[in-house]
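Trainee:
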Amino acid sequence: MNLTARIISVYAADISGVCSALYEYGGMTVIHDASGCNSTYTTHDEPRWYDTDSMVYISALTENDAVMGNDEKFISDLCDAAGKLRPAFIAVCGSPMPAMTGVDLEAIAFDTGNRTGIPSFAVRTNGMHSYISGAGRAFESIAVMFSEPAKKSDAFSVNILGATPLDLSLNGTLGSIKELLRANGIEVNACLGMGSSLDEVKRLSAAHADLVISSAGKLTAEYLLKEYGIPYVIGIPFGGKFSERLTEALRGSAASGKCTDIFKECRKTGYDIAIVGESILSSSLAAALSLEKDISARVVESIGDSDMSVLLDTDISAEDEDIIEKELERSHTVIADPLFEPICRKPHFIRLPHEAFSGRCFSKEIPNLIGTELDKSIEKVKV
Amino acid sequence: MIKLAVYGKGGIGKSTCTANLSAALALLGKRVIQIGCDPKADSTINLLGGKPVIPVMNYLREHDDEPRSLEEISAVGYGGILCIETGGPTPGLGCAGRGIITTFGLLEELKLFERFKPDAVLYDVLGDVVCGGFAAPIREGYASKILIVTSGEKMALYAANNINSAVNNFRDRSYAKVRGIIMNRRNVDGEEEKVKSFADKNGLEIAADIPRSSDITKYEDMGMTVIEGDSGLEVSKRFISLAQMLIDEDNE
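Protein chains in written order, with this note's numbering: chain A, 96 to 478; chain B, 138 to 389.
(1) Does the beta carbon of G231 of chain A come closer than 9 Å to any beta carbon on chain B?
(2) Would you say the beta carbon of F169 of chain A is closer than 8 Å to some non-hydrogen atom of the ligand GDP?
(3) State the beta-bridge partners of M123 of chain A as determined by DSSP.
(4) Starting from V239 of chain A, trace the alpha helix (DSSP H) both ways and give me its first and last residue.
(5) Across which residues does DSSP place Q171 of chain B in a beta bridge pair?
(6) Going by C-alpha to C-alpha distance, which of B:L207, B:Y356, B:A313, B:A293 sits closest to K248 of chain B?
(7) Is any beta-carbon of chain C found at less than 9 Å from that of G225 of chain B?
(8) Whose C-alpha, out of B:T155, B:D201, B:L162, is nearest the C-alpha of D429 of chain B?
(9) Give the residues from the region 216-250 of chain B that approach chain A closer than 7 Å (Cβ to any Cβ), ordered along the chain.
(10) Tell me which same chain residues have a C-beta within less than 7 Å of the C-beta of P226 of chain B, skipping the five on either side of it?
(11) Going along the chain, which unbroken runs of the beta strand (DSSP E) with 3 or more residues stay wholly within the region 321-365 of chain B?
(12) Identify which residue in B:D309, B:L197, B:I300, B:I364 has its Cα closest to the Cα of G208 of chain A.
(13) How would you label R375 of chain B, buried or exposed, when you count the other beta carbons within 10 angstroms and need 16 or more for buried?
(14) Quick one: list the residues of chain B neighbouring G164 of chain A, beta-carbon separation under 8 Å, in chain order.
(15) Using a Cβ-Cβ cutoff of less than 6 Å, which residues in the same chain neighbour T124 of chain A once the five nearest sequence positions on both sides are dropped?
(16) Would you say G288 of chain A and L314 of chain A are within 9 Å of each other, going by their C-beta atoms?
(17) Over the uninterrupted beta strand (DSSP E) stretch that includes I285 of chain B, give me the two end residues.
(18) To the nearest angstrom, how far is it from the Cα of Y145 of chain A to the Cα of R198 of chain B?
(19) If we ignore side chains and look at the alpha-carbon of each, how far apart do A160 of chain B and E342 of chain B end up?
(20) Checking 9 Å against the spacing of the C-beta atoms, do G312 of chain A and A258 of chain A come in under that value?
(21) How is L184 of chain B classed by DSSP in three states: helix, strand or coil?
(22) Since V253 of chain A contacts L345 of chain A with CB under 8 Å, what's their CB separation in whole angstroms?
(23) Under the three-state reduction of DSSP, which class applies to F307 of chain B: helix, strand or coil?
(24) For H427 of chain A, does the count of other Cβ atoms within 10 angstroms reach 16, so buried, or fall short, so exposed?
(25) Reducing DSSP to helix, strand and coil, say where R362 of chain A ends up.
(26) Over the uninterrupted beta strand (DSSP E) stretch that includes H443 of chain A, give me the two end residues.
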């Protein structure tokens, strides 16, 4: 059956991605949806909800509003709330209901921006795509709206693009990436997503290169390449050797002005191990395993929205549970979120929880694999 | 780029006017796309020699899947005009307005404008702005100008007034603006005065005056526009003049 999940979970949706991407920027994110749905997008999918305030709201759309096209009520509520809260920006996004009735969220944001004088934009969501699509578009929107031409930093610096807890969790991974870069003489000019601010977004153009650590950062990377000529390199620095290649590639790209694809040269493709999940995280892990242990690994991209440009010949993108189940039989060992285990018949299953798939169920188990941290976990990997 | 939406009462001649305007633009050397936004899916038939293109909604219904290429849901007609029809859901079921939005989303995914690189895009829209879907062609990024087709008949002017009011309701939204009226004559008593009175009252211009002509019917019976049939006819010259005016405005 197509696009069916009988046993496994589903990934967080595009709306959750928007909320996660914009969480820390002081803007007001409003989802045009029925009252009560905020719990799905934030309390379930956003681990920062419990210790960090953010202005994420629901419009409390009713059946009558949807049928009658009461856009004015929504706009008035937006203006009223913005008048009281004075957010840095207003982002509106849609759920399945306004998507079906064809609400023009771009026009609502345009009108709201004109009335309030606050930068406003719509992020196209309908609840039917993955968090990658929503987060990617949200990141791109703030980059387009707030980035400014800036002088390149004196020291060699990069932007980290695509950092949300949905992919990275809150286990210190992002801090380790920054530390690793700095230890290699690379300053972090800006980080899009976590531990960030609008000031960082404004100075995005000052970086010499971009490091795209998740698929959610790819659209922004393309925008920064087109608008400011900043080249990008894709990958998360897992393991000592892959991290070294990644930092070398960043320097190379900055010098040449061209993007560098390092997966082809770093990965040994094959079927020993299947790594299931988001394409960039999985490919980076596959590269690290190839370089550290000479293991061949394939990526089973299981979201459908990930960056497909990083996939190599033995990799596959499959959203259907039936197909994933069959594909996993081709490898001796499977690395995946624990919620994939029931459809995996192989004895070697290595649990690698992914917050966008299993939420907080196993978040305490999510390892920090940056740099040589990977070595502590790698002994578990047997083929 | 000329980005035009044509609205008007059902049966008033929107598709005839739109197809002839597309044909006139093509005759003047422009690369044109015409998108019929009506479940009837007959907007472009006279640009295609009477052989209809498969409407997008029909494709979705028959294949239960989205098309992978523009070629599957478009056909090239007179003067190289790329013809597309949204079509509609199974009659009596589904949501036609939503169908238009779905089609537009699909055309965007298939990179219609990037690939075809048109000089002009014409949207031929069902009679009235009855819901969000039928306003989609005048949203930001689609049409920038609207032509309302009307005759001097009471119900045609009533519909024209509704359309103009609906567009005025969107004035804060950066939507398309009404460029003017196409007076498609039905030869009713005092027709010109009635249409002029409506236009003046609403601050609109009569952009074109199309005479009632049996030649239009004659050539439509042959599966073509009057422009294709005989571009030297008076009625053809009126469409060509309108096309030239739109080209000149676009060049300004």
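Even glycine gets a Cβ: it sits at the ideal position worked out from N, Cα and C.
Mentor: So, from the listed chains and residues:
(1) no
(2) Questions concerning the ligand GDP fall outside what the structure shown contains, since it holds no ligand whatsoever.
(3) A:M150, A:I185
(4) Where V239 of chain A is concerned, the enclosing alpha helix (DSSP H) stretches over 226-241.
(5) Q171 of chain B is bridged by DSSP to B:C220, B:L259.
(6) B:L207
(7) Chain labels in this structure do not include chain C; the protein chains are A and B.
(8) No statement about residue 429 of chain B is possible, as the shown extent of chain B runs from 138 to 389 and does not include it.
(9) G234, R235, I238
(10) M194, C232, A233, G236
(11) 343-347
(12) That would be B:D309, whose Cα lies nearest to the Cα of G208 of chain A.
(13) buried
(14) C268, G269
(15) C114, L117, V151, A186
(16) no
(17) 282-287
(18) 46 Å
(19) In this structure, the alpha-carbon of A160 of chain B lies about 23 Å from that of E342 of chain B.
(20) yes
(21) L184 of chain B falls in the helix class under three-state DSSP.
(22) 6 Å
(23) coil
(24) It is exposed - the Cβ of H427 of chain A has fewer than 16 other Cβ atoms within 10 Å.
(25) Coil, per DSSP.
(26) 443-446
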